[in-house]
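Everything on this sheet refers to the single structure shown next.
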Amino acid sequence: MNRTKTILVCSGLTLALYTVAIVVGLTVNDLSSGKDDLSRSPGRAWQPPSSMSIPSTPRGDSIRRGALIFDETPIYASKDTPSKISCSSCHAGGGMQPFASPVVGMTKLFPMFNARAGRVISLPDRIEECFVRSENGQPIPYSGATMQDLLAYIGWLSTPQPDHQPYHGRGLISLPLLTPNPTHGQNIYATQCAGCHGTDGQGRAPLFPPVWGPMSFNDGAGLDSIQKMAAFVQHNMPQNRMGILSPQEAYDVAAFIHAQPRPAFNNAYKKF
Ligand code: HEC
Ligand code: HEC
Numbered sequence: 000m001n002r003t004k005t006i007l008v009c010s011g012l013t014l015a016l017y018t019v020a021i022v023v024g025l026t027v028n029d030l031s032s033g034k035d036d037l038s039r040s041p042g043r044a045w046q047p048p049s050s051m052s053i054p055s056t057p058r059g060d061s062i063r064r065g066a067l068i069f070d071e072t073p074i075y076a077s078k079d080t081p082s083k084i085s086c087s088s089c090h091a092g093g094g095m096q097p098f099a100s101p102v103v104g105m106t107k108l109f110p111m112f113n114a115r116a117g118r119v120i121s122l123p124d125r126i127e128e129c130f131v132r133s134e135n136g137q138p139i140p141y142s143g144a145t146m147q148d149l150l151a152y153i154g155w156l157s158t159p160q161p162d163h164q165p166y167h168g169r170g171l172i173s174l175p176l177l178t179p180n181p182t183h184g185q186n187i188y189a190t191q192c193a194g195c196h197g198t199d200g201q202g203r204a205p206l207f208p209p210v211w212g213p214m215s216f217n218d219g220a221g222l223d224s225i226q227k228m229a230a231f232v233q234h235n236m237p238q239n240r241m242g243i244l245s246p247q248e249a250y251d252v253a254a255f256i257h258a259q260p261r262p263a264f265n266n267a268y269k270k271f
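For the sequence shown, the residue numbers in numbering that gives the first Met the number 0 are 0 to 271.
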């Protein structure tokens, strides 16, 4: 090989190495922007708006009513749901707790494609979906006070969130698929959960929501999936010692709860 050829081959190799390095670098970067990385997440800098900032106007009244409906749905939307479950029973911390499916920023993310519906849906459509499944309720009128107040509250929570950027901890954590052991789950339930949710799973209103039975969410709800409930429980329960369960233990207790009775989803509402 003469000298010119050697230089050409060498620079070709260097270029190839640079390309590999750039591609690998980009991939690593992509991974590090995943939802567990606090440092790159726009949600980190997010502070909930102060309740002092709610104006003394009809819109402010609607935001305040929306917060009450969200936190105590069975009381403030009693005609729309027979359950003893509030939006905040699952969307913990008034809809602000990361990885408990926070609703911060939703106003700016919708409309979006929804896999269950197989179409693009609006934020009111998504609220309706939780109403007829997770609340085991009936569809609420879009122009009615309950829907408008919930939209006002979620809109107010979303105010400081940058446009089209998901809030940190959107949705639930992702767990690997594991094979659950419901018998082990029964022991975990008795020692770690029954203190608040009751040995009969009925909770203690208004503090502790039921986890199964006639006052709970129905079998069309997202949490009726063992994997989703495991993800919710692993990160958010037991509420006073969050995160103590391993992913396997979370699957086990979710499978035990899944085997208990709960209301059936009313198929008449399946468009939501
Ligand atoms: C039994 C638990 C439960 C209850 C009660 C519940 N939800 Fe949900 N909600 C969920 C789950 C689970 C999801 C989907 C999370 C996921 O899969 O990433 C969800 C999703 C949502 C979303 C979309 C979030 C997103 O990131 O796209 C909104 C908005 C919402 N719920 C509003 C409400 C409102 C308002 C209420 C009360 C009327 C309510 N939910 C009651 C469990 C519940
Ligand atoms: C210290 C009391 C306490 C303990 C212990 C506790 N929870 Fe909860 N749980 C709550 C509260 C309060 C909520 C409502 C959400 C919130 O505020 O965090 C909740 C919500 C839930 C929900 C979603 C709403 C519903 O009713 O279905 C599930 C599922 C759940 N807990 C399962 C469990 C499991 C499984 C355990 C045991 C591993 C457990 N919890 C232990 C207090 C508790």
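Yeah, the Cβ is synthetic: ideal placement off N, Cα and C, and Gly gets one too.
By the criterion of at least three beta-carbon pairs nearer than 8 Å, the segment 149 to 157 is in contact with the segment 101 to 111. With fewer than 16 other CB atoms across the displayed protein chains lying within 10 angstroms of its CB, I74 is exposed. Contact between E127 and I84 fails: their C-beta atoms lie close to 16 Å from each other, not under 8 Å. In this structure, L174 has its beta carbon at no less than 6 Å from each heavy atom of ligand 1.
In this structure, A229 lies away from L150, with their beta-carbon atoms at least 7 Å apart. Taken from the Cβ of C86, every heavy atom of ligand 2 lies 6 Å or farther away. Under the DSSP definition of a beta bridge, F109 lacks any partner.
The Cβ atoms of V131 and F271 lie closer than 7 Å to each other. When Cβ pairs closer than 8 Å are counted between the two stretches, the segment 250 to 266 is seen to touch the segment 197 to 216, the count reaching three or more. Contact annotation, F69 with Y141: C-beta distance approximately 17 Å; criterion of less than 8 Å not satisfied.
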